[in-house]
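Residue numbers (my numbering), protein chains in the order written: chain B, 1 to 705; chain F, 706 to 1006.
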């Protein structure tokens, strides 16, 4: 805060305050001699009133001096200038002002009892109060979608109303882009003659400023020019330490059981000090009040990240959610994350053993049954031979394994119907299979078989090659030991598919190194079928004794049964997401984490008619979908999806003031202030005149006594 | 019986009268008109016998107690009406020659007029009147004597007085004590601006000698009201260092001190059994003398 004068030259008039002193010293009037008999009484009176008279004379002198001084200073029009933390080359005269309010998620950071957003709002309220009557102004609330700003106006009430109605968003804000929008607003021809000024209230989070881009420029009659920018620090110069969960992923953990998951949280520490023993809690629910399933402690380096993996197991399969939370801190938004997961359900498999053997390891189904019945498998198997097949209905199972089956007979029709109704079928070959008969019974379910090829005849056992790792059942073999375990399997015999019909609706998931299909998938009706062109015992291949066999079979079973682990894609606040529905479902509403319902009618459908609606989630957490299916309206947990806070908002490290000021054009154009009142000029002349009037009254009263 | 006068000589007009003799005559006539009879009957008139009342006798000499005892009217007869021996003591110090505004009598002129008038009244009833004029010492003294020609001498002496020197009223009191051993009437005219703060007590010594003492405190209205406003260099009339002060600054304090002094003077006079009469020089002398004489008349009745 400093003092200035509108007319500094007139301040020299303050020297007039010396007049009473000069008059006292040099122009003192000689008293008139008066003859008086009772002088003794005057002397006594003087002795008794001397102190009072002296005080009165001093007060009188002070009043006269103050009167002259105050009037002289008032004529110079003094004003108090509150500059805050920085100064900008002061513009004189009316200005067009763009007020930019940072409404990003990080502005919910609380310092004391007050979020930074409220302090920023108050700062801009002060800035509005400091506007002159000739200043035009506009407000840009910076957060969420692409910023835009109305042209500056003189409607202060509307401006204050817009400021009052502003709310912090939970999304990322590009403050630099908002300054660009402000510059565009200030380029309005209606305010072309006014000086241009931008006041931005922000927490100065470095991630919000893209200093690599061009600085804001206002287009005016004289071409582009840089506006004055006053950056008001809502954090008042303080650092904003923050701990956050910036990423969350869940992977099935077969070692933990059929519904076990490894949940890996990435934790960030946006402060200059490392944090130790940070407690992290995992819940198998999105509700923060749910009991903690697992908890752990983690250390996060200063300004860095750390990963923490916790293992949890779900009680049952199906749609579920998992949440990870840190101890609450000043920015509550990113202290927890929710993730939606599709936990595999239990599947029932019917294994038809076409070549049973009393010797276990020679039994066609020995290895498969062992794989499907392991503790981590979601599949419950029923093993029958062809003769015992009559005692079971395919419809009672989710998936049927035909292992080296020669003939189904009349059950082939039932099997076809089962598959077309959505059932799963896995067919493995062997020496018992009659290709011609199989082509008849399984026509349309598997590609027609041609001949058996013995790989050893051509120079050695065949190996898997050209594996489609994008397939859900094979994705886990995409890398590392799992990949080696799959590609290391050796196959000695396998069936060839008739080349002329190989491609009809079939998808080759893996081939042998000679190009012959090894795993082929078809989709008859609503069902799924996978053909393995070799055997699952050790007659034609040693895959059954490879490490990849067990997970592959479990995954094939889950996939074919439709209970495979499904990855639910999460969204980020502010990012557009398409609401995908299952067949036969009609969207009714989206339910936000805070309970708000977004009716389907209010959601945009950017595509052609009938295309799915899209939503831009505005809050982190688990969003649920209310659908109508078969006349019933319900929340479909399988459609729920998680929305993450934008990790950029968790990085509360602040931009360097010098760097920011330089980007904005240097000290002549930009200033960083601790509050917005810096621009306030408080005129003092009226106060001085009032004081002068008081001095005049005091002088009159003292002189009259 | 003549009606008492209700209009008196304006002091400003009186001041324009050239000589003291004329002023005294004007005042005396006014005073006599204002009174029913001579008020200055002395205490020395002594009772002799009773005489039976006959028409024409003074009713005021009727002895009502004798009437009560004998049921007949008697009037008192006085064996010898002795002359009152009166002293006019006039302060002729320099401070008495001061007046607060032109066109106004000086305090000495005011005092001399009062003294001359009273001297004339006393002489008219065959009393002896003497004069003592003093400053720091006795300047002029006229022994008490009766007769109209002596009254003229007194007035002439008063007219010839010039105000000068410091005030030392004790000198005059000592002179009276020395020359008037028995009880008489002492009329003192002074402004009491005497360095001796106990001068009133000294006058009280006269009272012990059976003198009846009346103190006419002669003051100019400017001394009482202090009408000065601006810066002034106040120069003492009787010598001393001048005092620089702003009138309005010291007025309040001056008035407080002066009022206190007046009150102390009145209290001291009462304690010494000295009759105190404030004689402002802007007040008509008749307004001062007639109430004073009326009080005496009531006291002697």
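Every residue gets a Cβ at the ideal spot worked out from N, C-alpha and C, and that includes glycine.
This one's a predicted model, so the numbers in the text were calculated from it and none came from an experiment.
message: Rounded to the nearest angstrom, what separates residue 446 of chain B and residue 247 of chain B at their Cα positions?
response: For this step, residue 446 of chain B is matched to residue 446 along the first chain. For this step, residue 247 of chain B is matched to residue 247 along the first chain. Each residue's alpha carbon lies about 42 Å from the other.
- prompt: What does DSSP give as the partner residues of residue 687 of chain B in its beta bridges?
  reply: Start at 1 with the first residue of the first chain, and residue 687 of chain B comes out as number 687. According to the DSSP secondary-structure assignment, residue 687 of chain B is paired through a beta bridge with no residue.
message: Less than 8 Å between the beta carbons of residue 406 of chain B and residue 379 of chain B, yes or no?
response: Taking the first chain and counting its residues from 1, one reaches residue 406 of chain B at position 406. Taking the first chain and counting its residues from 1, one reaches residue 379 of chain B at position 379. Their beta carbons are not under 8 Å apart, which means residue 406 of chain B does not touch residue 379 of chain B by this criterion.
query: Does the beta-carbon distance from residue 846 of chain F to residue 880 of chain F come in below 8 Å?
result: Working through the second chain from its first residue, we reach residue 846 of chain F at position 141. Working through the second chain from its first residue, we reach residue 880 of chain F at position 175. Yes, the pair counts as a contact, with Cβ atoms nearer than the cut-off.
Selected residue, minimal CA-CA separation from residue 31 of chain B, among F/981, F/973 and F/952: By one-based count along the first chain, residue 31 of chain B stands at place 31. The candidate whose alpha carbon is nearest that of residue 31 of chain B is F/952.
Amino acids of chain F, ordered along the chain, whose beta-carbon sits closer than 8 Å to that of residue 34 of chain B: For the purposes of this step, residue 34 of chain B is taken as the residue at position 34 of the first chain. Simply 933, 937, 938, 939 and 940.
query: Counting Cβ pairs closer than 8 Å, one from the stretch 332 to 350 of chain B and one from the stretch 290 to 305 of chain B, do we hit at least three?
result: As far as the Cβ criterion goes, the stretch 332 to 350 of chain B does not touch the stretch 290 to 305 of chain B, which means the pair count is below three.
message: Classify residue 171 of chain B: buried if its beta carbon has 16 or more other beta carbons within 10 angstroms, exposed otherwise.
response: Translated into positions along the first chain, residue 171 of chain B becomes position 171. Burial call: buried.
task: State yes or no: is the beta carbon of residue 944 of chain F nearer than 8 Å to at least one beta carbon in chain B?
output: Position 239 of the second chain, counted from the start, is the residue given in the question as residue 944 of chain F. Taking 8 Å as the threshold, the shortest C-beta distance from residue 944 of chain F to chain B does not fall below it.
- prompt: Who are the Cβ neighbours of residue 226 of chain B in its own chain at under 8 Å, not counting the five residues just before and after it?
  reply: Your numbering for residue 226 of chain B matches position 226 in the first chain. Counting only Cβ-Cβ distances below 8 Å, and skipping sequence neighbours, we find 215, 216, 217, 218, 664, 665 and 669.
message: Using 8 Å for Cβ pairs, my map puts residue 297 of chain B next to residue 279 of chain B. What's the rounded Cβ distance?
response: Locating residue 297 of chain B in the first chain gives position 297, counting from the first residue. Locating residue 279 of chain B in the first chain gives position 279, counting from the first residue. With a Cβ gap of about 6 Å, residue 297 of chain B and residue 279 of chain B count as contacting.
- request: Please state whether DSSP places residue 33 of chain B in a helix, a strand or coil.
  value: Against the first chain, residue 33 of chain B aligns to sequence position 33. Reduced to three states, the DSSP call for residue 33 of chain B is strand.
query: Is it true that the stretch 941 to 950 of chain F meets the stretch 883 to 892 of chain F, where meeting means three or more beta-carbon pairs spaced less than 8 Å apart?
result: These segments do not touch.
Same chain, Cβ closer than 6 Å to residue 412 of chain B, neighbours up to 5 away in sequence not counted: Position 412 of the first chain, counting from 1, holds the residue named residue 412 of chain B. Its chain contains 441 as the residues whose beta carbon lies nearer than 6 Å to that of residue 412 of chain B, once the 5 sequence neighbours on both sides are disregarded; these appear in chain order.
- request: Pull up the distance between the alpha-carbon of residue 47 of chain B and that of residue 901 of chain F, whole angstroms please.
  value: For the purposes of this step, residue 47 of chain B is identified with residue 47 of the first chain, where counting begins at 1. For the purposes of this step, residue 901 of chain F is identified with residue 196 of the second chain, where counting begins at 1. If you take the alpha carbons of residue 47 of chain B and residue 901 of chain F, they lie about 21 Å apart.
- prompt: If you measure from the beta carbon of residue 76 of chain B to each beta carbon in chain F, is any gap under 8 Å?
  reply: Position 76 of the first chain, counted from the first residue, corresponds to residue 76 of chain B. Not flagged as an interface residue toward chain F: residue 76 of chain B, since no C-beta distance is shorter than 8 Å.
- request: Below 7 Å between beta carbons is the criterion; list the residues of the stretch 36 to 49 of chain B that meet it against any residue of chain F, in chain order.
  value: With the criterion set as a beta carbon lying under 7 Å from some beta carbon of chain F, the members of the stretch 36 to 49 of chain B are 36, 37, 38, 39, 41, 42, 43, 44, 45, 46, 48 and 49, in sequence order.
field: Within-8 Å CB hit, residue 54 of chain B to chain F
entry: Position 54 of the first chain, counting from 1, holds the residue named residue 54 of chain B. Not one chain F Cβ lies under 8 Å of residue 54 of chain B.
- prompt: Name the residues in the stretch 786 to 805 of chain F whose C-beta lies less than 7 Å from a C-beta of chain B; which are they?
  reply: 800 and 803: these are the residues of the stretch 786 to 805 of chain F whose beta carbon lies less than 7 Å from some beta carbon of chain B, given in chain order.
task: Assign residue 360 of chain B to buried or exposed, taking buried as 16 or more other Cβ atoms, counted over all protein chains shown, within 10 Å of its Cβ.
output: Position 360 of the first chain, counting from 1, holds the residue named residue 360 of chain B. Residue 360 of chain B sits exposed, since fewer than 16 C-beta atoms from the chains shown fall within 10 Å of its C-beta.
task: Take every Cβ of the stretch 159 to 166 of chain B, pair it with every Cβ of the stretch 197 to 206 of chain B, and state whether three or more of those distances are shorter than 8 Å.
output: No, the stretch 159 to 166 of chain B is not in contact with the stretch 197 to 206 of chain B.
message: Counting beta carbon pairs with one atom in the stretch 918 to 930 of chain F and one in the stretch 977 to 988 of chain F, are three or more of them shorter than 8 Å?
response: At 8 Å Cβ cutoff, the stretches touch.
- request: For residue 835 of chain F, return the contacting residues in chain B, with the cut-off set at a CB-CB distance below 8 Å.
  value: What you label residue 835 of chain F is simply residue 130 of the second chain in a count that begins at 1. The contacting residues do not exist; residue 835 of chain F stays about 27 Å from chain B at best.
- prompt: According to the Cβ coordinates, are residue 851 of chain F and residue 833 of chain F closer than 8 Å?
  reply: Walking along the second chain from the start, residue 851 of chain F turns up at place 146. Walking along the second chain from the start, residue 833 of chain F turns up at place 128. Contact annotation: residue 851 of chain F and residue 833 of chain F have beta-carbon atoms nearer than 8 Å.
query: Do we get a CB-CB distance below 8 Å when we pair residue 20 of chain B with the residues of chain D?
result: Protein chains B and F are contained in the structure displayed, whereas chain D is not.
- prompt: Contact check, residue 625 of chain B vs residue 640 of chain B under 8 Å by CB: the rounded distance?
  reply: Here residue 625 of chain B refers to the residue found at position 625 when the first chain is read from its first residue. Here residue 640 of chain B refers to the residue found at position 640 when the first chain is read from its first residue. Between residue 640 of chain B and residue 625 of chain B the Cβ distance is about 6 Å, and since that is below 8 Å, they are a contact.
- prompt: Excluding five sequence neighbours on each side, which residues of the same chain lie with their C-beta closer than 7 Å to the C-beta of residue 181 of chain B?
  reply: One-based indexing of the first chain puts residue 181 of chain B at position 181. The residues 140, 147, 148 and 149, in chain order, have a CB closer than 7 Å to that of residue 181 of chain B in the same chain once the five nearest residues on each side in sequence are set aside.
task: Select from the stretch 945 to 959 of chain F all residues with a C-beta closer than 9 Å to any C-beta belonging to chain B, and list them in chain order.
output: Residues passing the 9 Å Cβ filter: 945, 946, 947, 948, 949, 950, 951, 952, 953, 954, 955, 956, 957, 958 and 959.
message: Please return the same chain residues whose Cβ sits closer than 6 Å to the Cβ of residue 473 of chain B, not counting the five positions on each side in sequence.
response: Position 473 of the first chain, counted from the first residue, corresponds to residue 473 of chain B. Excluding residues within five positions, the ones whose Cβ falls inside 6 Å are 555, 556 and 559.
field: Closer than 8 Å to chain B by CB, residue 963 of chain F
entry: Counting from 1 along the second chain, the entry for residue 963 of chain F is found at position 258. Closer than 8 Å to some Cβ of chain B, the Cβ of residue 963 of chain F qualifies, so yes.
query: Does the separation of the CB atoms of residue 462 of chain B and residue 532 of chain B fall below 8 Å?
result: Locating residue 462 of chain B in the first chain gives position 462, where the first residue counts as 1. Locating residue 532 of chain B in the first chain gives position 532, where the first residue counts as 1. Not a contact, by the Cβ cut-off of 8 Å.
- prompt: Which stretch, first to last residue, makes up the alpha helix (DSSP H) that contains residue 553 of chain B?
  reply: Within the first chain, numbered from 1, the residue matching residue 553 of chain B stands at position 553. Here the alpha helix (DSSP H) through residue 553 of chain B covers 549 to 561.
- prompt: Can we say the stretch 599 to 616 of chain B touches the stretch 193 to 202 of chain B, given the rule of at least three CB pairs closer than 8 Å?
  reply: Verdict: no, contact absent.
query: Which residues does DSSP pair with residue 866 of chain F in a beta bridge?
result: On the second chain, position 161 is the one that residue 866 of chain F refers to. Answer is none; residue 866 of chain F lacks a bridge partner.
- request: Return the bridge partner residues of residue 424 of chain B from the DSSP annotation.
  value: Position 424 of the first chain holds residue 424 of chain B. Paired residue(s): B/399 and B/528.
- prompt: So is residue 160 of chain B in contact with chain F if we call contact Cβ pairs under 8 Å?
  reply: The sequence position of residue 160 of chain B within the first chain is 160, counting from 1. Answer no: the Cβ-Cβ gap between residue 160 of chain B and chain F never drops below 8 Å.
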